[in-house]
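Colleague:
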Amino acid sequence: MEALLDKAAQVVPVQRLWVNPDCGLKTRGWPEVEAALQGMVEATRRLRAKHAKALHAGSKATQDEGATA
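In short: position in the sequence shown from 1, add 662, done, that's this note's numbering.
The following block contains the structure:
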């Protein structure tokens, strides 16, 4: 999961990258769903930590744009 998120972050700016759990979870049992979601959340947290500076800069830019609009 983390490798896929890193690959996506090379193409999509991390400020615009969303992690969506809607992929095959309806056909799985709860233990599989919980494990998949836990892995997704952990990978997302690591990606956010890795790109924290860019995420903060994007958040600030968004706030600045809103202030001038």
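The C-beta atom is built at its ideal place from N, Cα and C for all residues, glycine as well.
Source: prediction; values computed, not measured.
Under a Cβ-count criterion, where at least 16 other Cβ atoms within 10 Å of its own Cβ denotes burial, should Val673 be classed as buried or exposed?
Modeller: Position 11 of the sequence shown, counted from the first residue, corresponds to residue 673. Label assigned to Val673: exposed.
Colleague: Could you check what DSSP says for Leu679 in three-state terms: helix, strand or coil?
Modeller: In the sequence shown, residue 679 corresponds to position 17, counting from 1. Leu679 falls in the coil class under three-state DSSP.
Colleague: For the candidate residues Gly686, Thr689, Pro693, Val676, whose alpha-carbon lies nearest to that of Lys715?
Modeller: In the sequence shown, the residue the question calls residue 715 occupies position 53. Ranking the options by Cα distance to Lys715, first place goes to Val676.
Colleague: Rounded C-beta distance between Arg710 and Leu717? I'm assuming under 8 Å.
Modeller: The residue labelled residue 710 in the question sits at position 48 within the sequence shown. The residue labelled residue 717 in the question sits at position 55 within the sequence shown. Their Cβ separation, rounded to whole angstroms, is 6 Å, which keeps Arg710 and Leu717 in contact under 8 Å.
Colleague: Can you say whether Leu667 is buried or exposed, counting buried as having 16 or more other CB atoms within 10 angstroms of its CB?
Modeller: Taking the sequence shown and counting its residues from 1, the one referred to as residue 667 is at position 5. Burial call: buried.
Colleague: Just the C-alpha distance for Ala670 and Val695, rounded to the nearest angstrom, thanks.
Modeller: Translated into the one-based positions of the sequence shown, residue 670 becomes position 8. Translated into the one-based positions of the sequence shown, residue 695 becomes position 33. Roughly 23 Å between the two C-alpha positions.
Colleague: If you draw a straight line from the alpha carbon of Pro683 to that of Val703, how long is it in whole angstroms?
Modeller: The residue you call residue 683 lines up with position 21 of the sequence shown. The residue you call residue 703 lines up with position 41 of the sequence shown. Near 9 Å, if we compare the C-alpha coordinates of Val703 and Pro683.
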